[in-house]
Structure formats: structure tokens, C-alpha cells
Amino acid sequence: MHDAPAALAAPANRRDGNYGPVTMVTVFGSCNMDLVAYVATPPRRGETVHGRTFSTVPGGKGANQAIAAARAEVGTRFLGAVGDDEFGGRIRATLAEAGVETTGLRTVEGHSGTAHIVVDDDGGNSIVVVGGANDAMDRLRSGDAETIAASDCLLLQLETPLRGASAAAEVAAAHGVRVVLTPAPAEPVPDSLLSNVNLLVPNEHEAAVLTGESDPERALTSLLDSVPEVVVTMGGEGVLYGNRSGERVRMPAFPVRPVDTTAAGDTFVGVLAAELARGTDTTEALRHGSGAAALSIRRKGASGSMPSREDIREFLEEADS
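Following full-length UniProt numbering from start to finish, the sequence shown increments by one per residue and tops out at 321.
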């Protein structure tokens, strides 16, 4: 791991034109081109089925979370890598159009990351991720530590090498920056990384892989031995939050008809982090994240399905009425 610098200056645009503080979320993570096929029923092993439509949509867990945070109207920076191919240019443009600062998005030789997604008529999906350029995120590069240290929140996932994510978390922890980790794809997470994580956000499958507990309540309790706060997302069953002080919040999902659940979890995490970074109460931040996820699954695609903060506000007001 890299040693965190002793003192770091904030980047020039860490403050707005009136010299007031700016809420800043930094995402260190993956970006892919999603290759999405829509089918009535997903194929079994050895089976070929007819698809209805096909699309290419910029995504990746890191990029998705960055776009969700930016649309929730907080300053958002993305640290990642794309290939020197056509996909790389489209990914970069999509992030920039969403309001994400891409100075830390480097271009490397080779192909960009891809995610091969099959979406069925119930809105469910199965995904194969090919890392590509994301594998270059195995360490911090020039300027990354300064960007992280000047943030209010750092978002991490496991679609990039653990070494790089661990180095980013170490810098964040050294400078009092909240670290939020989505442990996906599901795999064991070393204590060296978890020791610098403030909030862990697994889905119920990932929580089970990490703890061996299939029950979300028991899994959450087990995970609190490693991190101070945990949110277990449970799809249509909502989310479960807990912390070491004994607080528990179970929030049901908003009832909507799913069209495509791709990136619903990333939408939830991006908006949750944005709200926590701006100082929103935890329960209300969970509600905003849940509302954003509900809105996202009513639309096709990943990054293109994510709502604006105004969309979320109107949805929550309607749910209250």
C-alpha cells in the first residue's frame, strides 16, 4: 500500500465561485460498456434463445455510482480507466454529460471494460464482467490522493483490483473521509481494506458470501464486527441498516413494476452517499436512495435510468401523499 501524504491541498474547484464549501463525492472504481440483451426468459446452459432488443450503454459499478451521485446534485469526481477504443470515448462523454468531473479518468492501451448483461421480462438480470482497462486501477496515480483527501465521501467497489481500492481507502481514512464500499462482485474482502471502511453496502447475496449467513439480520450483525455501519440491500424486500450503537432501520422497497433492475443497487449507493455527504440524516438518506432505486428500475438501462434529485423529491412527496 501507499503511504498517505502528511498534508494535502484541496483542488482548486473544491470551492464554488462564492468561495463557499462544496460537498464532494469521489468514486474510485470501474467503468464499462454494458452490452445488454433483452429476452423473455434467460437461456439455460447450452441453450440459445431469441432476444428482443440489444443496446450498448455506458455503465460499470463505479461509473454508475458516480452518475447517480452527480444527478443527486453533489460535486462528483471519478477516478478510473478506459481503453483507447470507441467504448472509452463514449464512457468518458457519458460521465461528463452527467456532470461528473473526469480529470482523473485515464486512458490506457487496450480495450475498455465490458459487462455482458441479459435482462428478462421480469426485470431480472445476469451479468458477466470483463475487466479490461479497469485492471489498470491497481494503484493510485499522480493527483489521486489529493482528490480523495479533499472529498467528503469515497465510494469503492470490487470491479477493480483490491490493491488499488485498499490504497484509496487508506488515504481517505487518514484524512477523515467517509469510505463506502460495495463488496461486488462477491468475494472475500481483506481486513486491511475493511479496517478503513465506514459503511459497507452489500446485497443479501454478497452479505451471505462474506459471512456465511443467509439471513440478512444475522449477516448484518456479523459484518458489524468488521465495519461501523452496514446496509444490506434486499431487492423487493427493501434495505436493512445497522450500526455498532445498536440502531436498526428496516426500510421496505417502494412498490413499482420493474422493467430493468440493472444498476438499481448502484443508484441506491450513489444517492445514499450523496445525501450522507451533504449531512442528511441516515434514515432520510436511506429513503432517498430507496426512492432513486425504485425510479431507476422503471426504466431500461443503467446510467440512462438514474433519476435527478428533483425526480426523487417529487417521487417521495407523491409516496407520502
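No residue lacks a Cβ here, since even glycine has one placed at the ideal position from N, Cα and C.
From the DSSP output, which residues share a beta bridge with residue i?
i: ASN32; result: GLY59 and GLY113
i: VAL129; result: ALA115
i: ASN243; result: GLU229
i: ALA37; result: PHE54 and VAL118
i: ASN203; result: THR233
i: ALA81; result: ARG106
i: THR76; result: VAL25
i: GLU101; result: ARG77
i: VAL249; result: TYR241
Flag this pair as yes or no: are the beta carbons of residue i and residue j separated by less than 8 Å?
i: LEU35; j: CYS153; result: no
i: ARG244; j: LEU224; result: yes
i: VAL130; j: ALA66; result: no
i: LEU240; j: VAL227; result: no
i: ARG77; j: GLU97; result: no
i: VAL271; j: HIS288; result: yes
i: ALA37; j: VAL118; result: yes
i: VAL180; j: VAL201; result: yes
i: ALA263; j: SER296; result: yes
i: LEU115; j: ALA81; result: Note that residue 115 is Ala in the sequence shown here, rather than Leu. Result no, Cβ atoms of ALA115 and ALA81 do not sit closer than 8 Å.
i: VAL209; j: LEU220; result: no
i: ASP266; j: SER305; result: no
Nearest by alpha-carbon distance to residue i: which of the options is it?
i: THR23; options: GLY59, ALA72, GLU47 and PRO161; result: ALA72
i: ALA169; options: PRO185, GLU187 and ASP138; result: ASP138
i: LYS61; options: ALA149, THR182, ASN198 and ASN203; result: THR182
i: ALA319; options: ARG92, ALA292, GLY46 and VAL108; result: ALA292
i: GLY246; options: SER222, ARG44 and GLY236; result: SER222
i: ASP144; options: GLY104, CYS31, PRO190 and LEU194; result: GLY104
i: THR94; options: PRO58, GLY113, ARG106 and THR107; result: PRO58
i: ALA203; options: LEU194, ASP215, VAL25 and ALA165; result: The amino acid at residue 203 is misidentified as Ala; the sequence shows Asn. Answer by Cα proximity: ASP215.
Just curious, the beta strand (DSSP E) that residue i is in, first and last residue?
i: PHE254; result: Where PHE254 is concerned, there is no enclosing beta strand (DSSP E), given that its DSSP letter is neither H nor E.
Could you please give the first and the last residue of the uninterrupted alpha helix (DSSP H) stretch that includes residue i?
i: ASP281; result: Careful: ASP281 lies outside any alpha helix (DSSP H) and carries neither H nor E.
i: ASP221; result: Here residue 221 turns out to be Thr, not Asp, going by the sequence shown. Unbroken alpha helix (DSSP H) run through THR221: 216-223.
i: ARG309; result: 309-320
message: Going residue by residue through the region 135-211, where are the continuous alpha helix (DSSP H) segments of at least 4 residues, counting only ones entirely within it?
response: Correct list: 144-149, 162-174, 191-194 and 204-211.
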